Every structure is written in structure tokens, then in C-alpha cells.
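Residue numbers (the working numbering), protein chains in the order written: chain Z, 1022 to 1098; chain V, 189 to 628.
Next comes the structure, spelled out in C-alpha cells:
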């Protein structure tokens, strides 16, 4: 499974639930539907990732970009 | 060169028609600035005896025909609360001090004649080109003559005192009357040590977006950032290190105690802060990725439109002077404000990332980010560290002060901070608008 963030266009913001349902049908496991932002997060089997972009209203499907802080004792944070 | 006119106080006879005001040429007319709730026409009649008043509202779309107003005693620009008035110089004093002027007229100044700025002569521009070429050939642009020896940077040398950290002093937080009261500041980080004694009695809302982890800070980074953004005005037994000491604190734990996090939690926390109408989000986090990340482009844009300004660390991937680094994600998204780090002499920090080419990839503002003293989880209590992570909550706390002072949100708040910041003699690709400053 790949963790992804799916970005939804402005026109589909009010029907973001329908977009989420369509993503689910294509194999995405939905974690969060972020209505304020128009973003749906979750995970998807790698082989199905490319199919998500075909859902109406989806403008971008991006793999998770991990963040890593330095350890607490690092002088530069 | 146009001299700056006085905007208040009585005007002497020397600034009348054709008079000199410094180097400025004047028209003989006067520019009157009204208080916000004044009635310009009534005031002018009462103070200047102006009966023939042209008002911009009498024109379609308030597009005044300047020829049609030439015979008027006064021309009022209603949207601006400003009028240009022909008045007997003997009445000037009355206009500023009389009873009807009180509370209605803010200032009266001579109308200046403005000129197109002179282009440099061929000789001067040729000389300038030669100097620039020589500078470029000499190599490192950080050593260019234009970038050193200028007052602001050269004279600055801040240090922590018993009263306040150097950053609190440099940003003029120590002299502002604003506290951030009524402003919700969300800090998305490693959480917060809720047992820290400096925050007793504060209005704190904490939520974790890290699966299985409470909002408690097991790293230190989050407690340090919250301390800078929202720490107390007079902490017991130590110097002031916090900016918005009466702000409502929204703690969003998006990074684990090991300092790691992912988009899903960060985006969920941004959504939470927007839904809670936080005017400011501070994010001292990022990935060293040059390509703007589409989810953050969208999150930044939507948040800003909803009145939430996201402020993020530019990144620590530089190692100057040789390697100047680049602004990472999410700070490189166009609608997210990217913060660079300055040291106590207001030079760019060795590690502070430089602007990327391309839309959104620029540094937008800079803040104190070297040797920053702030709160740390107990029992350590305080700790001094460096990073664009430390510059970011200075900017976020000051954003809360401006939000309180002006009522502005979103892009208007962004613009206010850029407008009010202190320009410094460092490359714009590193410090952009310069050192963030508090006002009020």
C-alpha cells in the first residue's frame, strides 16, 4: 500500500464525498476527507494508484512525502 | 528626489505657494487628510470656507474628470478620505486647530509636484555596470560591496539580556502593546509539554494527528516553537522569549516523538486549524524537496482564502557560503509564507535555505533563528537551539499581533507583515522582505 493525498478541484469541493466514494471503488482506503481543503488522504495498492487520477474532480494524486526532524539534541533544528 | 512632507502640526508661511519644503516643489494647494468618520465637504466648508466642492462620488465609477474640477475650491476623493484644497494661507492654522477641525482633520500638507525619477546618465550606468561585472567576476555574491557595510546589518548586534531574548528585542516585540489576545495560533509540530509551568492558565486546545500518540511533546521541538510563538510576557525567573503571550494556543501534534510525520496528519491538522478559524498556522517542518507538493499548494490556497495564513520554515539545507540550499516543501508552495533565519547581527544564517527559481519557491520573510532561547519539556525547562524552525514561530507570533492590531486575515495579513518588515542589506533571495517586525 502507498500512502497518498488526492487533491480535488474547486468545482467538486461541495461534492467531495462523491469523489471519495469513487476513489474507494477504485481501491483506495480512505483515511480522511478534508472538506476545508479539498483533499482526501488514505492509501492505495501501488498497482491501483494511477487509476485514481481518472476519477472526475481529481487533479492530483501524490505519494506521501515524509518529514523527519533532527534529533532533540541537534543544535540546528 | 521628493522630500517627505510633514503630515501634522501647523505649517509655517515658508511652505506656501511656490515655497520650498526641503527639496520639494509645491503647487500652492493643500492636501487634507480626514479622519475615517469625518464628512469632508462639511468640514472643508466650516474650516476652509470652501463652498465649491467637487466630490469623486459625483462621477461615474468615481473616475474624476480633473479638467471639470479645475474651478472648484476643493476636490474630495471620497474613497480615500482625502481632499485637495485651494485655501488662503492665512486660514491654514485655523484649518488645523479650530473646533470643527478637531476629530475630523488628521493633517494638512502642501501638495507636492512629483517628477519622473531621472534615469542614470550613460556615464553613471556604465560605471555601475563595470562595478557589477567586476563584482560578479570576483565570485561569491555574499561578499558583494552592496551587501555589506549598510547600516541596518552593520550596526545590529543583538544579545539575550535578563529581560528578553535577542529575537524578542530585534523584532520589537519587547516594545509593542499587542499581546495576541483573541487570536488563535495553531502550531503544528511534535506537540507540547502541557506540564510546563510557564503556560499555566493559558487557553490551550491540543489534538494529536499522530496515530496512537497523545499531544504531549516527547521530542522538544514543538514545545520550543510554541514557546517562541506564544510564550509568556514575564516568565518567572528567566527572560521573555515568547511573542503572542495572550494568544489562544492550538497544539496540533503532527510529528511523532521521533520527529517524523507525513502528509495525511499535517493536512488533517491544517484542515482542523482552518475549521477552527485560526488566523495563523506555524509549521516548523519540511522536506528537502524542491518541487512544490500539490496538496500543500491547495491547502495553502484554500486556507489563505478562508483567512488562515500558513507560515512555514524555508529549510536548513544550506551550508554557506558554498552551498546556499533551496526552499523545501511545504514552504515552497505559492500560498504558504516561507521564513528564513537571521543571526544576532542580522546576517543570513549559515544553514538558511535560499529561494528557488519558479513560482512559490521564494523565501518571503526572515526572523531570528540562531541561538534561540525558548521553552523545552520539563525538567529541562529551557533550551537554546538554531534553525529556520526557530525563525518561523517568531513570524507566526508576530502575525498574531498584527491580526489583533489590524483585524486583517489571509492575504491582507500577509501583505501587512511584508509591508511592515525591516529591510536589511542581504540578498532578497535569502531574506526577501527582511526582518519581521511587530507593530502597535
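Cβ atoms here follow ideal geometry from the backbone N, Cα and C, with glycine treated the same way.
Just so it is clear, the structure is predicted and the values come from calculations on it, not from any experiment.
(message) Please list, in chain order, the chain V residues whose beta carbon lies closer than 7 Å to that of residue 1052 (chain Z).
(response) 452
(request) Mind checking which residues open and close the beta strand (DSSP E) that includes residue 432 (chain V)? (result) No beta strand (DSSP E) contains residue 432 (chain V), which DSSP labels as neither H nor E.
(request) Indicate whether at least one CB of chain Z lies closer than 8 Å to the CB of residue 490 (chain V). (result) yes
(request) Answer yes or no: does any C-beta atom of chain V fall closer than 8 Å to that of residue 1057 (chain Z)? (result) yes
(request) Kindly indicate which three-state DSSP category residue 547 (chain V) falls into: helix, strand or coil? (result) coil
(request) May I ask you to report which of helix, strand or coil DSSP gives residue 1014 (chain Z)? (result) With chain Z represented from 1022 up to 1098, any question about residue 1014 (chain Z) goes unanswered, as that position is not in the structure.
(request) Decide if residue 563 (chain V) is buried, meaning its Cβ has at least 16 other Cβ atoms within 10 Å, or exposed. (result) buried
(message) Helix, strand or coil, according to DSSP, for residue 618 (chain V) in the structure here?
(response) helix
(message) Counting only C-beta atoms, is residue 1097 (chain Z) closer than 8 Å to chain V at any point?
(response) yes
(request) Note down, in chain order, each residue of its chain lying with its Cβ closer than 6 Å to the Cβ of residue 620 (chain V), except the 5 sequence neighbours on either side. (result) 551, 552, 553
(request) Could you check what DSSP says for residue 556 (chain V) in three-state terms: helix, strand or coil? (result) strand
(message) On the DSSP letters alone, give me the boundaries of the beta strand (DSSP E) that residue 301 (chain V) sits inside.
(response) 293–301
(request) Taking only the alpha-carbon atoms, compute the straight-line gap between residue 1071 (chain Z) and residue 267 (chain V) and give it to the nearest angstrom. (result) 53 Å
(message) Looking only at its chain, what residues have a beta carbon closer than 7 Å to the beta carbon of residue 1076 (chain Z), apart from the 5 residues adjacent to it on each side?
(response) 1040, 1043, 1044, 1047
(request) Below 8 Å on the Cβ atoms is my guess for residue 431 (chain V) versus residue 417 (chain V); work out the distance and round it to an integer in Å. (result) 6 Å
(message) With the cut-off set at 8 Å, would you say residue 588 (chain V) and residue 487 (chain V) are in Cβ contact?
(response) no
(request) Name, going along the chain, the residues of the segment 1059–1075 of chain Z whose beta-carbon falls closer than 8 Å to a beta-carbon of chain V. (result) 1059, 1060, 1062, 1063
(request) Compare the Cα-Cα distances from residue 365 (chain V) to each of V:222, V:590, V:279 and report the closest residue. (result) V:590
(request) Alpha carbon to alpha carbon, how far is residue 218 (chain V) from residue 1088 (chain Z)? Give it in angstroms, no decimals. (result) 59 Å
(request) Give every residue of the same chain whose Cβ lies closer than 7 Å to the Cβ of residue 492 (chain V), excluding the five residues on either side of it in the sequence, and list them in chain order. (result) 523, 598, 599
(message) Given this structure, state the Cα-to-Cα distance separating residue 341 (chain V) from residue 617 (chain V), to the nearest angstrom.
(response) Unreliable positioning characterises residue 341 (chain V) in this predicted model, as indicated by a pLDDT of 49, which lies under 50. The coordinate reading is nonetheless provided below. Whole-angstrom Cα-Cα distance: 16 Å.
(request) Identify every residue that forms a DSSP beta bridge with residue 396 (chain V). (result) V:441
(message) Does any residue of chain Z have a CB that is nearer than 8 Å to the CB of residue 494 (chain V)?
(response) yes
(request) Could you say which of V:412, V:533, V:298, V:223 lies nearest to residue 274 (chain V) if we only look at CA atoms? (result) V:298
(message) Taking only three categories from DSSP, how would you classify residue 282 (chain V)?
(response) helix
(request) Answer with buried or exposed for residue 582 (chain V), where buried requires no fewer than 16 other C-beta atoms within 10 angstroms of its C-beta. (result) buried
(message) Quick check on residue 1036 (chain Z) - is its C-beta less than 8 Å from some C-beta in chain V?
(response) no
(message) What does the alpha-carbon distance come out to for the pair residue 386 (chain V) and residue 400 (chain V)?
(response) 27 Å
(message) Measuring CB atoms only, is the segment 279–296 of chain V touching the segment 247–255 of chain V, in the sense that at least three cross pairs come out at less than 8 Å?
(response) no
(request) Name, going along the chain, the residues of the segment 505–523 of chain V whose beta-carbon falls closer than 8 Å to a beta-carbon of chain Z. (result) 517
(request) Quick one: residues in its chain with C-beta nearer than 6 Å to the C-beta of residue 226 (chain V), no 5 flanking neighbours on either side, listed in chain order? (result) 292
(message) Does any residue of chain Z have a CB that is nearer than 8 Å to the CB of residue 539 (chain V)?
(response) yes
(message) Using a Cβ-Cβ distance cut-off of 8 Å, determine whether residue 192 (chain V) contacts chain Z.
(response) Note that residue 192 (chain V) scores a pLDDT of 40, beneath 50, so its modelled location is shaky; the value from the coordinates is reported in the next line. Not one chain Z Cβ lies under 8 Å of residue 192 (chain V).
(message) When you measure from the CB of residue 483 (chain V) to every non-hydrogen atom of the ligand SAM, does any distance come out below 7 Å?
(response) Of the ligands one can find in the structure shown there are none, so the ligand SAM has no counterpart to examine.
(message) Please list, in chain order, the residues of the segment 564–578 of chain V that have any C-beta partner in chain Z closer than 8 Å.
(response) 573, 574, 575, 577, 578
(request) Just the C-alpha distance for residue 333 (chain V) and residue 567 (chain V), rounded to the nearest angstrom, thanks. (result) The predicted position of residue 333 (chain V) is uncertain, since its pLDDT is 43 and thus under 50; a value taken from the coordinates is nonetheless stated next. Roughly 48 Å between the two C-alpha positions.
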